[in-house]
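Number of protein chains: 2
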Amino acid sequence: MNETAERIVDLAELAIATKGYSAFSFREIAAHLDIKSASVHYHFPTKAHLGLAVAERYRARYEVALQQIAREQISPINALDVLVNIYRQQISGSERMTVCMMLAAEINQLPREIQLEMRAFYQLNITWLQALIQRQHPQLNVGAASIRARQIFALLQGAMMGAKTQKDEDYFEHAIQAVSILLNQ
Amino acid sequence: MNETAERIVDLAELAIATKGYSAFSFREIAAHLDIKSASVHYHFPTKAHLGLAVAERYRARYEVALQQIAREQISPINALDVLVNIYRQQISGSERMTVCMMLAAEINQLPREIQLEMRAFYQLNITWLQALIQRQHPQLNVGAASIRARQIFALLQGAMMGAKTQKDEDYFEHAIQAVSILLNQ
DNA sequence: GTCTATAATTTGATAGAC
DNA sequence: GTCTATCAAATTATAGAC
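If you read the protein sequences in the order shown, they are chains B and D. If you read the first sequence in our numbering, its first letter stands for residue 16, the second for the next number, and so on. If you read the second sequence in our numbering, its first letter stands for residue 16, the second for the next number, and so on.
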């Protein structure tokens, strides 16, 4: 992927995170780059291709970031804090939601490949959280840890959605206070 | 609002909950009623009017339902269970998300009036939950109860989003197990 | 209250020149 | 790799007949 393609994906990611997949357009991306929409089609033949590129890169980055956290061998509590911070940074100080939240909400409207990519993103987060929970509670079995992981991830997603809807970053901070409650249960 | 207008709002609500505000169209609603889109415009001059009608009715129904639960004087735990059930019923056995979740995700794209309506819907739920939490924990101050309310509501929203994204109703059931954990903290 | 007809705009996408 | 030009379709919305 060359530099222009990369910038197209950057802008598409921002547009998806802010307006959603249904509402963003090739012409809008093109205008930001001072080129024509036909040129965007040169790099990504269809909207589905561009959307998939955004989703794939988004997941790949999380995969790297999550592995990085795991390698640092910090405590589960601190590791979870780092993850929360990654999400916090995405939404703070802007109208942006996250790619994950927007594509999750629009799941029924997405091309199949992007749907699968989103499910993989969810699974990546859940699996990582599950391992973290088992480090914190070595006696817990996989099933119980997986359930706890879903609770924490749901909380995180809901916290972001509420904060953006209410335009109130405290909403996020208040909601995620429950993350450590759930981790330590 | 006459019968046709009511059915238009019904279909618009389903369309918004399934595809979102950006993606639903007057023609689609009209087709389901075997009329033309111009006739839909007779009942609701603009898309913003129709969207607002959906949001207002949605909130009004919750207002009634929540008051009803409060009147029944059941325990906070059981009352919370009834609320969870209302959300569960909306999403179970279909591709539907909830109106609240879809409009929350699309908040940046919505006409101002619908944005305000959505914030009011959030506030309605939070306030109700806060009162419920204070019944369960009479010693808790308002601020702490409000924070706990946000946690529970975030969890509920995230649980629905995850279940629909993963097409896995167990995701919802697993995630909302944390509701009682948070209530009893 | 519903229709036909249509305007004005936007969108995803393609053909072909440069 | 970007452009012009264009297509086909969809969208919100309005005018005016019935």
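Think of the CB as a built atom: it goes at the ideal place given N, C-alpha and C, for glycine as much as any other residue. Keep in mind the model is a prediction, meaning the values are calculated, not measured.
{"Asked": "Beta-carbon proximity check, D/L95 vs D/V24, cutoff 8 angstroms", "Found": "no"}
{"Asked": "Element boundaries [alpha helix (DSSP H), containing D/R74]", "Found": "K62 to R86"}
{"Asked": "Cβ neighbour criterion (16 or more within 10 Å) applied to D/N100", "Found": "exposed"}
{"Asked": "D/Y36, enclosing alpha helix (DSSP H) - first and last residue", "Found": "Careful: D/Y36 lies outside any alpha helix (DSSP H) and carries neither H nor E."}
{"Asked": "Proximity winner among D/I106, D/I196 and D/E71, relative to D/Y186 (alpha-carbon distances)", "Found": "D/I106"}
{"Asked": "B/H47, DSSP secondary structure in three states", "Found": "helix"}
{"Asked": "7 angstroms Cβ cut-off: residues of chain B touching D/Y137", "Found": "G177, T180 and Q181"}
{"Asked": "Between the CA atoms of B/A174 and B/G108 - distance to the nearest angstrom", "Found": "15 angstroms"}
{"Asked": "Where D/P153 sits in the DSSP three-state scheme", "Found": "coil"}
{"Asked": "Which of helix, strand or coil DSSP assigns to B/P126", "Found": "coil"}
{"Asked": "Neighbour flag for B/R134 against chain D, beta carbons, 8 angstroms", "Found": "yes"}
{"Asked": "CB contact below 8 angstroms: B/Q149 versus chain D", "Found": "no"}
{"Asked": "is_contact[B/S37, chain D] using C-beta, thresh 8 angstroms", "Found": "yes"}
{"Asked": "Range covered by the alpha helix (DSSP H) that runs through D/F187", "Found": "E184 to L198"}
{"Asked": "For D/E132, the three-state DSSP class (helix, strand or coil)", "Found": "helix"}
{"Asked": "Rounded separation between D/V157 and D/I122 - CA only", "Found": "28 angstroms"}
{"Asked": "Reduced DSSP secondary structure (H/G/I, E/B, other) of B/R111", "Found": "coil"}
{"Asked": "Short Cβ contact (8 angstroms threshold) for D/I84 with D/L67", "Found": "no"}
{"Asked": "Beta-carbon proximity of D/R74 to D/L139, cut-off 8 angstroms", "Found": "yes"}
{"Asked": "Coil, strand or helix - B/N161 by DSSP", "Found": "Reading off the sequence shown, one finds Ser at residue 161 of chain B, where the question assumed Asn. Three-state result, B/S161: helix."}
{"Asked": "Amino acids of chain B, ordered along the chain, whose beta-carbon sits closer than 7 angstroms to that of D/A33", "Found": "Here residue 33 of chain D is Thr; the residue named in the question, Ala, does not match the sequence. Simply N123."}
{"Asked": "Inter-residue Cα distance where the pair is D/M116 and D/I44", "Found": "21 angstroms"}
{"Asked": "Which of helix, strand or coil DSSP assigns to D/S206", "Found": "What the structure shows of chain D is the stretch from 16 to 200, and residue 206 of chain D is not part of that stretch, so it cannot be assessed."}
{"Asked": "Beta-carbon spacing of D/A20, D/V114 below 8 angstroms", "Found": "no"}
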